[in-house]
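For reference, the structure is listed below as structure tokens.
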């Protein structure tokens, strides 16, 4: 994972060529995105520095994977105990977080939960934990108030994300917890664009940063 670096102050969406790192912000795919894995994707950037970047796609469901069933497969709970899961565990979303390490789970969650040496605080209200302990906590009702589980992540080599942004592959904006954790997965792309005052139909291959 890339080293965490200083990010722009809240409200600033500085282009990376001006020296701002984008950890804690959202990337929004432009219509010209040729890679189908990222088409119409909204990505929460967990880490961004001179060493590269890492993020989680927050608007791509992981097909038919069900969180309670996943807990059974990982031997975190036994099958009969599924009916005893807390409400937020029953309804927790499982997402396809990106094409790297797709067999590994990454939990984006509210910052009311922290595991020493395992949790990475990213922004004031959002953290990342990638150990099985947080899944156990969620299953027992002692986990974070808000969370999503992503299988895999998106990664960029040094300078790669900056180049893609300069080539109009991505827009970026401040994140908010309601968008990251919201259940309206299909609406997140449009909602993210609205944060920049953009309607999807306004975008074209020639558009620059709003």
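Numbering (our numbering), first residue to last: 36 to 245. Glycine residues also receive a C-beta, built at the ideal position from the N, C-alpha and C atoms.
Compute the Euclidean distance between the alpha carbons of residue i and residue j, then round it to the nearest angstrom.
{"i": "residue 142", "j": "residue 216", "result": "11 Å"}
{"i": "residue 170", "j": "residue 103", "result": "10 Å"}
{"i": "residue 223", "j": "residue 97", "result": "15 Å"}
{"i": "residue 246", "j": "residue 67", "result": "Here the chain comprises residues numbered 36 to 245, so residue 246 is not present and cannot be evaluated."}
{"i": "residue 132", "j": "residue 119", "result": "27 Å"}
{"i": "residue 183", "j": "residue 230", "result": "21 Å"}
{"i": "residue 19", "j": "residue 189", "result": "Look at the range of the chain in this structure, 36 to 245, and you will see that residue 19 is not part of it."}
{"i": "residue 185", "j": "residue 109", "result": "15 Å"}
{"i": "residue 60", "j": "residue 200", "result": "13 Å"}
{"i": "residue 85", "j": "residue 191", "result": "11 Å"}
{"i": "residue 315", "j": "residue 92", "result": "Nothing can be reported for residue 315, as the shown portion of the chain is limited to 36 through 245."}
{"i": "residue 22", "j": "residue 173", "result": "With the chain covering only 36 through 245, there is no way to say anything about residue 22."}
{"i": "residue 209", "j": "residue 62", "result": "9 Å"}
{"i": "residue 105", "j": "residue 117", "result": "10 Å"}
{"i": "residue 219", "j": "residue 195", "result": "30 Å"}
{"i": "residue 112", "j": "residue 77", "result": "31 Å"}
{"i": "residue 137", "j": "residue 232", "result": "33 Å"}
{"i": "residue 273", "j": "residue 212", "result": "Outside the displayed range of the chain (36 to 245) lies residue 273, so it cannot be described from this structure."}
{"i": "residue 207", "j": "residue 165", "result": "25 Å"}
{"i": "residue 128", "j": "residue 175", "result": "17 Å"}
{"i": "residue 114", "j": "residue 225", "result": "38 Å"}
State the DSSP-derived secondary structure class of residue i, mapped to helix, strand or coil.
{"i": "residue 6", "result": "Since the displayed the chain opens at 36 and closes at 245, residue 6 lies outside it and no answer follows."}
{"i": "residue 96", "result": "strand"}
{"i": "residue 142", "result": "strand"}
{"i": "residue 79", "result": "strand"}
{"i": "residue 188", "result": "strand"}
{"i": "residue 182", "result": "strand"}
{"i": "residue 228", "result": "helix"}
{"i": "residue 88", "result": "strand"}
{"i": "residue 213", "result": "helix"}
{"i": "residue 233", "result": "coil"}
{"i": "residue 115", "result": "helix"}
Which term fits residue i, buried or exposed, when burial requires 16 or more other beta carbons within 10 angstroms of its beta carbon?
{"i": "residue 139", "result": "exposed"}
{"i": "residue 227", "result": "buried"}
{"i": "residue 198", "result": "exposed"}
{"i": "residue 72", "result": "exposed"}
{"i": "residue 122", "result": "exposed"}
What residue range is occupied by the uninterrupted alpha helix (DSSP H) comprising residue i?
{"i": "residue 170", "result": "167 to 175"}
{"i": "residue 66", "result": "Per DSSP, residue 66 belongs to no alpha helix (DSSP H) and is neither H nor E."}
{"i": "residue 106", "result": "102 to 108"}
{"i": "residue 124", "result": "122 to 125"}
{"i": "residue 200", "result": "195 to 201"}
Under 7 Å from any heavy atom of the ligand FMN, does the C-beta of residue i make it?
{"i": "residue 151", "result": "What this structure holds is no ligand at all, so the ligand FMN is not there to describe."}
Am I right that residue i and residue j are in contact with their C-beta atoms under 8 Å? What's the rounded C-beta distance?
{"i": "residue 179", "j": "residue 147", "result": "6 Å"}
{"i": "residue 162", "j": "residue 155", "result": "6 Å"}
{"i": "residue 135", "j": "residue 187", "result": "6 Å"}
{"i": "residue 58", "j": "residue 81", "result": "6 Å"}
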